[in-house]
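Input: a single structure, listed below in structure tokens.
Residue numbers (the working numbering), protein chains in the order written: chain A, 1340 to 1685; chain B, 1340 to 1685; chain C, 1340 to 1685.
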């Protein structure tokens, strides 16, 4: 696959500055780009390093003012244009239809049109898998699982019974979807009785799920991940959590049972959301922050445990850092007061 | 399986209020319950929502005062009664004895009575697996592993050599039991020498272990998880940790080497316990809290890093939040003092 | 394998105190050691417990002054000597060359000299695996993967395409090496476009990687883990991170994209390093600490979120703990001032 630069401008927009007839074959980084490759640069002026790129074409910001010995495409967001042209230059190939001979597929299967089913895959009863989906080696799929078309499940993932996964999802290696939620009822000295974990897990279209991430099934209801949501590695999403559309969840974050994360939220890494909390649409939670049970967090940027608006957090942090000075001032006041007191007594 | 409501009262206790002859077939949530199903409600009065349940029977608190058009069973803990009747209505079936033809089982096997061994399972030498246990697809079991009866190991778990797992345990997908502990001795500029990790891991009866959780083997001694302890997903338990009975450990918590968590402790999510710490029986540690090395934490509720008693933590947090006001007061005092000083000098 | 104590002194150094002719067969803990076994003790004087060891030989510190009824070897670091003699007494055996019949190995394979390839392993095209390496059951290896000699990959790991792993590495069960980094570009209301994740992952020699740990591939460049670095369980290392040599990373720590951790750093558990941060050689980061984006952290001990030098952190913590007293003092000053003010007005 290749495009002329003119064609690229047609595909992703922007203003051409230079020779549009050059053929582009691949994307690359500034440092590694070779002739015939396209890269991007996000600042208006160049560092020394950048001047040495061998790329044949660069996406640059509209206000880019420096000189570069290659064709430029001026765009609003060079990074976005770069990501878009990558998709065009390297489209996901329709896999050669192939069910590996070692895959173990239940005979009570409803319908399997997957493009690829790899080695040592197990697929349970009454499953449906859509066209062009790829199930890599060692994936274990339970009973009554629905998987849409164009979805990729990387090696050694486990999909429990009754899970539903949409179209064009990517699920990375070792992810566990639909395991029992963590629910027990204390029975005095007898220990714990397991609360039923018989609900379902629904992953909507275009969701990406990171390596070794865990998304539990609902207890009685469902756990749901909305369209276009992107989840990083080692994330925990507990039973009955409701994650909206276009939510970004960075690595090692944990979302407790029955919590709601509305559309377009962004969660940093290692964030903890307690049970029954609600993040309203547009909330942005800084890394390592913690949200208390039942809290409602409005749109805006939040940080700390328990979370505070970022400005407040910063102000408070500054106050804490000023404590040594505060103590000093108090001491000075005391001296002054003692002095004054002496004067009066005299 | 089904019971009349009268039979249910007999099985889990409570006071019948309504028609006891109705047959119950399944548990469900308030919202989704249909005729013939039982649910539960934990408050004394009803929300609008609840009035619309189609359940045939509800567990309610003893002091429940509202009206509902279905049979009620008044109990001390509706949720506990519900969990108990779930177990009776949906008993774990004895699996049809089946060793899948693709499973690879060492011939030097001591004794295997497991109900089910799934596809692509590997079992090493000198293992013993008890009756009715189920080893799902892709599980890898090393040498000299003992597994009791009625235990379920979900797909793609890894059980290293010399691990011992009791009866009626549940181990969720991707959990890794008995990997080497993390121990190295610095050898100056040469880097690190690996400290021997040749101990064992013991999981007692009725333990549940979450998806992708890791429990390391002892270095020279053993790592032990006590009876009835429940561990959530993505938890890390390091070498030589001693976890007592009926301990609850929420997701993404980490327990460092040689730490002791005594019986009936509760640990929230993302808690960090440093090495050689001791949580005394009944300690409750709030989410994201951190316990320092060698600390002894008494019974009670603790929060923050380093952990403090919850009351102290809250008081301190209030003080910090009051810092802006404190600075203001100090400023006022200074003005007052300056004024007074002026008066005196005049 | 066995050595006389004299031979052990020759192998790991130290000063012999007692009978050097005794034969030693194994290492063990003080409590469990039997005749013919060697253990170690790190303090200069004995606890009651220690007096009861049945070990035939103990490594003790040079200044050890107590009496023990067994041969002693006085060394600078008893633990290091113990770890070293363990390696000598229990050398890793060259595995019997065996490719399990169920392993699925692409025919376009470049070169495979591995000592052991276990059950249900998949190896892709153009891979090279060095001598004496062991690939345990269920491991999935993609295309164009290089693995050195003497490396052990435990069950159910996933190695994506284009990953390079050096000699004598140990990768524990369920680890995922080379999954896509977490990179998306927001495209307004349309959601997110995936940023290309087409770089590589390089693991140098003598690296140990814990169970269920995830190390992503570079976006356009590479993610690199330096020689002799040791990584615990459930750690997240994001795209393009550069981890130096002899770095220690404890469990559940997360290192964000493009961060640099220089040689000989030590990171406690549950630490979070934001993107584009740099830890200079010799930085030691306490458990649960957090480093902000783009920060440069010098050598020394750091703690808290955001990280501070340990001393500062402690001082600040003391100030916060003193806030109740500070408020009290302010109140007293106010009373004093009011009193004084009264005097003046009279």
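Glycine included, every Cβ here is placed at the ideal spot set by N, Cα and C.
Item: N- and C-terminal bounds of the beta strand (DSSP E) containing residue 1537 of chain B; Value: Neither: residue 1537 of chain B is in no beta strand (DSSP E) and is coded neither H nor E.
Item: Cβ separation of residue 1583 of chain A and residue 1553 of chain A, assumed to be a contact under 8 Å, to the nearest whole Å; Value: About 19 Å separates the two Cβ atoms, so there is no contact after all.
Item: Residue 1426 of chain A - DSSP class collapsed to helix/strand/coil; Value: helix
Item: Reference residue 1522 of chain B, options C:1499, C:1547, C:1526, closest by Cα; Value: C:1547
Item: Top-ranked residue by Cα proximity to residue 1478 of chain B, from B:1401, B:1494, B:1558, B:1467; Value: B:1494
Item: Residues near residue 1437 of chain B in its chain [Cβ-Cβ closer than 7 Å; skip 5 each side]; Value: 1455
Item: Neighbour list for residue 1613 of chain B in chain C, Cβ cutoff strictly below 9 Å; Value: 1607, 1608, 1626
Item: Alpha-carbon spacing of residue 1516 of chain C relative to residue 1442 of chain A, whole angstroms; Value: 24 Å
Item: At least three beta-carbon pairs within less than 8 Å, the region 1397 to 1410 of chain B to the region 1570 to 1581 of chain A; Value: no
Item: Chain A within 7 Å of residue 1571 of chain B, Cβ atoms only; Value: yes
Item: Spatial distance of residue 1348 of chain A from residue 1356 of chain A (CA atoms); Value: 10 Å
Item: Chain-ordered chain A contacts of residue 1581 of chain C [CB-CB under 9 Å]; Value: Those do not exist, as residue 1581 of chain C stays about 14 Å from chain A at its closest Cβ, beyond 9 Å.
Item: Endpoints, the beta strand (DSSP E) within which residue 1561 of chain B is located; Value: 1561 to 1564
Item: Closest Cα partner of residue 1567 of chain B within the set A:1466, A:1491, A:1525; Value: A:1525
Item: Unbroken beta strand (DSSP E) run spanning residue 1318 of chain A, endpoints; Value: Because chain A spans 1340 through 1685 in this model, residue 1318 of chain A falls outside it and cannot be assessed.
Item: Cβ pair residue 1461 of chain A, residue 1502 of chain A closer than 7 Å; Value: no
Item: C-beta neighbour in chain A for residue 1446 of chain C, strict 7 Å; Value: no
Item: Min CB distance residue 1535 of chain B to chain C below 7 Å; Value: yes
Item: Residue 1611 of chain B vs residue 1626 of chain C beta-carbon contact at 7 Å; Value: yes
Item: Boundaries (first-last residue) of the alpha helix (DSSP H) holding residue 1678 of chain C; Value: 1662 to 1684
Item: Under the three-state DSSP convention, the category residue 1655 of chain C falls into; Value: helix
Item: Contact check, residue 1474 of chain A vs residue 1445 of chain A, beta carbons under 7 Å; Value: no
Item: Cutoff 7 Å: residue 1443 of chain A Cβ touching any chain C Cβ; Value: no
Item: Candidates C:1496, C:1472, C:1466, C:1470, of which the one nearest residue 1484 of chain C by Cα; Value: C:1466
Item: Interfacial residues, the region 1469 to 1483 of chain A to chain B, with Cβ spacing under 7 Å; Value: 1477, 1479
Item: Assigned exposure category for residue 1601 of chain C - 16 Cβ within 10 Å defines buried; Value: buried
Item: Distance CB(residue 1457 of chain A)-CB(residue 1469 of chain A) smaller than 7 Å; Value: no
Item: Where the beta strand (DSSP E) containing residue 1377 of chain A begins and where it ends; Value: 1376 to 1379
Item: Simplified DSSP assignment, three categories, for residue 1577 of chain C; Value: coil
Item: C-beta contact flag for residue 1363 of chain A and residue 1410 of chain A at 7 Å; Value: no
Item: Extent of the continuous beta strand (DSSP E) to which residue 1619 of chain B belongs; Value: Per DSSP, residue 1619 of chain B belongs to no beta strand (DSSP E) and is neither H nor E.
Item: From A:1560, A:1358, A:1529, A:1531, residue whose alpha carbon lies closest to that of residue 1538 of chain A; Value: A:1560
Item: Rounded C-alpha distance that separates residue 1464 of chain A from residue 1476 of chain B; Value: 14 Å
Item: Simplified DSSP assignment, three categories, for residue 1649 of chain B; Value: helix
Item: Pairwise C-alpha distance: residue 1378 of chain C and residue 1579 of chain C; Value: 42 Å
Item: Contact with chain B by residue 1559 of chain A, beta-carbon distance below 7 Å; Value: yes
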